[in-house]
Amino acid sequence: MTDGPFALIFPATDETIARAAALLASGQLIGMPTETVYGLAANAWDSSAVRKIFEAKSRPQTNPLIVHVASVERLSDAMRWPPNAVVQRQLDAIIDLWPGPLTIVCERSDRIPDEVTASSSTVAVRIPAHDVALALLDACDFPIAAPSANRSRYVSPTQADHFYGPSGVAEHVAMIIDGGPCQWGVESTIVKLGDPGPTLLRPGAISLQELADRFAIEPESMLAINTHQESILVAPGMMREHYCPTTKLVLLDRSNSQTSDVEPTSSRVGRIAFSNISADEADRYAAVETLSSRGDLREVAHHLFAALRRLDAEGLDAIHCDTCQQNGLGHAIMDRLKRAAARHSAG
Ligand code: TXA
Ligand code: MG
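Taken in order, the sequence shown gives residues 1 to 347; the numbers are from my numbering.
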């Protein structure tokens with residue numbers, strides 16, 4: 001092991017991946033890259049290892065975990081196999097999105113312990129599109145349970161060094177494999193399969209429109225409020241306050257002409273811009289993070305959580321952040337931002 005501030009971070013090599021697989025097999029936690037955000041990984045078949053995830057994150061035990069598998073052939077390690085005809089048909093429509101930032105919720109395999117699913121009969125499963133994650137999954141003869149590797153309710157990590165610091169979980173892992181900055185920077189899209197359904201449980205890197213096109217249905221019909229009139233069903237972890245920085249986050253409505261509402265009122269205000277802002281405007285802020293020069297939402301998502309973390313570490317009075325249209329990737333970006341702002345907003 002190396003010394004220094006990031007002693008547990010190792011570059012991804014055949015050797016470190018084999019070591020991580022052995023650590024997982026022995027019941028320990030490790031940090032793993034994926035194309036969305038970094039995961040806090042455990043052997044999904046090992047209930048005592050899975051319990052360590054909840055302790056490390058201070059995560060409510062009622063909030064179930066996503067299980068990662070290496071390939072379609074190994075879906076049966078996590079979900080009931082074969083699925084019923086309805087689920088099979090829905091799965092066929094989206095299966096080529098894997099490996100990718102898509103998670104399905106369906107009936108679980110008997111091998112998945114209650115700890116993973118919060119005792120639900122369903123399980124969330126995905127095949128990540130990241131070479132290191134896939135190599136690690138390949139090296140394990142069990143599936144990997146991995147939530148985002150942050151303390152519960154804080155911003156998800158998108159770089160290996162995000163395991164360190166006040167919201168980090170480094171002290172709970174045996175090693176962290178560095179896979180570079182995550183390509184997407186927002187979590188996977190979660191869709192519940194079955195009847196009624198399919199239902200969107202969390203907007204993510206794959207857009208609602210793209211899924212609706214695959215299923216040949218209207219996007220609106222996939223929203224939980226439409227498919228489940230009686231019990232409004234969302235992913236149990238979708239609390240109103242989530243992804244929260246410690247600093248007050250204020251969302252700027254650029255279509256609102258009343259911009260005086262959001263003028264910085266102290267010199268200790270930071271700014272997250274989705275595209276270049278004027279020098280005049282930048283001068284009014286203590287720090288500015290420009291996520292994309294031209295408002296490209298792929299770039300915005302990619303840089304968003306790291307920028308939030310950097311500004312949150314500055315001890316500012318507030319962070320003012322741009323907003324965008326809630327479609328395509330903007331749906332996931334705005335979902336995260338609204339939850340991140342909820343702690344300090346009224347109601
Ligand atoms: O991109 C991602 O999905 C990342 C990477 C690491 O794969 N993982 C991730 O995990 O975002 P986490 O734990 O932060 O979010 C998992 C979400 C939670 O909102 C949880 O409630 C939901 O998935 N979930 C898990 N199992 C479920 C189930 N059986 N039914 C409904 N929702 C479920
Ligand atoms: Mg999370």
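For each residue, glycine too, the CB sits at the ideal point set by N, CA and C.
In terms of alpha-carbon separation, which member of the options lies closest to residue i?
i: alanine 129; options: Cys324, Thr36, Ser266, Phe10; result: Thr36
i: leucine 65; options: Ile277, Thr246, Thr103, Ala205; result: Thr103
i: serine 26; options: Lys52, Pro5, Phe10; result: Lys52
i: glutamine 61; options: Asp283, Arg284, Ala301, Pro147; result: Pro147
i: leucine 56; options: Ala160, Gly31, Asp46, Ala307; result: In the sequence as displayed, the identity of residue 56 is alanine instead of leucine. Measuring from the Cα of alanine 56, the nearest candidate turns out to be Gly31.
i: leucine 211; options: His303, Pro236, Ala93; result: Ala93
i: threonine 34; options: Ser167, Ala139, Ser188; result: Ser188
i: glutamine 90; options: Ala78, Ala307, Cys106; result: Cys106
i: proline 101; options: Ile112, Tyr38, Ser278; result: Tyr38
i: phenylalanine 6; options: Gly197, Gln159, Leu97, Leu24; result: Gln159
i: tyrosine 286; options: Ile272, Asn276, Gly197, Ser292; result: Note on residue identity: the sequence assigns alanine, not tyrosine, to residue 286. Cα-wise, what sits closest to alanine 286 is Ile272.
i: leucine 108; options: Trp81, Gly180, Val191, Ala340; result: Note that residue 108 is arginine in the sequence shown, not leucine. Arginine 108 has its Cα closest to that of Trp81, out of Trp81, Gly180, Val191, Ala340.
i: glutamate 218; options: Val67, Ala85, Gly197; result: Gly197
i: leucine 223; options: Ala78, Tyr154, Ile95, Ile190; result: Ile190
i: asparagine 63; options: Lys192, Trp98, Met239; result: Met239
i: isoleucine 9; options: Leu251, Arg339, Asp161; result: Asp161
i: alanine 115; options: Val87, Val67, Val86; result: Strictly speaking, residue 115 in this sequence is glutamate, with alanine absent from that position. With distances taken between Cα atoms, glutamate 115 lies closest to Val67.
i: alanine 149; options: Ser58, Arg19, Asp280; result: Ser58
i: proline 11; options: Thr117, Ile127, Val132; result: Val132
i: alanine 301; options: Leu337, Ala279, Gly270, Thr117; result: Leu337
i: glycine 295; options: Glu281, Gly270, Gln325; result: Gln325
i: glutamate 241; options: Leu193, Ser345, Pro203; result: Ser345
i: glutamate 73; options: Ser120, Val125, Phe54, Ala85; result: Val125
i: alanine 70; options: Ile144, Pro113, Val87; result: Ile144
i: proline 415; options: Val86, Asp283, Leu75, Phe163; result: There is no way to answer for residue 415, as the model of the chain reaches only from 1 to 347.
i: proline 99; options: Arg153, Leu134, Phe305; result: Leu134
i: isoleucine 112; options: Leu75, Gln88, Asp96; result: Leu75
i: alanine 151; options: Phe54, Asp96, Arg202; result: According to the sequence shown, residue 151 is arginine rather than alanine. Here the closest residue by C-alpha is Phe54.
i: isoleucine 127; options: Leu304, Asp96, Ala21; result: Asp96
i: aspartate 253; options: Gly270, His320, Asn276; result: His320
i: lysine 192; options: Thr117, Ala342, Val87, Ala340; result: Val87
i: glycine 270; options: Ile277, Glu289, Asn276; result: Glu289
i: phenylalanine 348; options: Ala78, Pro83, Leu201, Asp195; result: The requested residue 348 is not part of the displayed model; the chain covers only 1 to 347.
Taking residue i as part of the alpha helix (DSSP H), name the residues at either end of that continuous run.
i: isoleucine 190; result: Unbroken run through isoleucine 190 is the beta strand (DSSP E), 189 to 192; no alpha helix (DSSP H).
i: aspartate 280; result: 279 to 283
i: histidine 302; result: 297 to 312
i: alanine 160; result: Segment: none, alanine 160 is in no alpha helix (DSSP H) and carries neither H nor E.
i: leucine 211; result: 208 to 215
What residue does the beta strand (DSSP E) around residue i start on, and which one ends it?
i: leucine 201; result: 199 to 202
i: isoleucine 333; result: It is not in any beta strand (DSSP E) - isoleucine 333 instead sits in the alpha helix (DSSP H) that spans 329 to 342.
i: valine 173; result: Premise fails: valine 173 is in no beta strand (DSSP E) and is neither H nor E.
i: histidine 320; result: 318 to 321
i: alanine 7; result: Here alanine 7 belongs to no beta strand (DSSP E), and DSSP marks it neither H nor E.
i: glutamate 350; result: Outside the shown range of the chain (1 to 347) lies residue 350, about which nothing can therefore be said.
i: glycine 270; result: 269 to 273
i: leucine 249; result: 248 to 251
Sequence ranges, beta strand (DSSP E) only - wholly within the region 10 to 69, length at least 3: Fully enclosed beta strand (DSSP E) runs of 3 or longer: 30 to 32, 39 to 43, 66 to 68.
If you scan the region 62 to 140 from start to end, which runs of the beta strand (DSSP E) of 3 or more residues do you find wholly inside it? As far as the region 62 to 140 is concerned, its whole beta strand (DSSP E) runs of at least 3 residues are 66 to 68, 102 to 107, 122 to 126.
For the region 309 to 319 and the region 239 to 256, state whether three or more C-beta atom pairs, one from each stretch, are separated by less than 8 Å. The region 309 to 319, when compared against the region 239 to 256, does touch it at the 8 Å Cβ threshold.
Closer than 6 Å: residues whose CB approaches a heavy atom of the ligand MG: So the residues near the ligand MG by this Cβ test are Pro147, Ser148, Ser156.
Do three or more CB pairs link the region 323 to 336 to the region 167 to 177 at distances below 8 Å? The way I'd put it, the region 323 to 336 doesn't touch the region 167 to 177; fewer than three beta-carbon pairs between them come closer than 8 Å.
Check whether the region 37 to 48 and the region 8 to 17 are in contact - that is, three or more C-beta pairs closer than 8 Å. Short answer: they don't touch.
If we count Cβ pairs, one from each stretch, closer than 8 Å, do we get three or more for the region 316 to 323 versus the region 264 to 277? Taking 8 Å as the limit for Cβ pairs, the verdict is that the region 264 to 277 does touch the region 316 to 323.
Contact between the region 159 to 171 and the region 136 to 143: three or more CB pairs below 8 Å? Fewer than three pairs of CB atoms, one per stretch, sit closer than 8 Å, so the region 159 to 171 makes no contact with the region 136 to 143.
If we count Cβ pairs, one from each stretch, closer than 8 Å, do we get three or more for the region 197 to 211 versus the region 323 to 330? Counting Cβ pairs under 8 Å, three or more are found: they touch.
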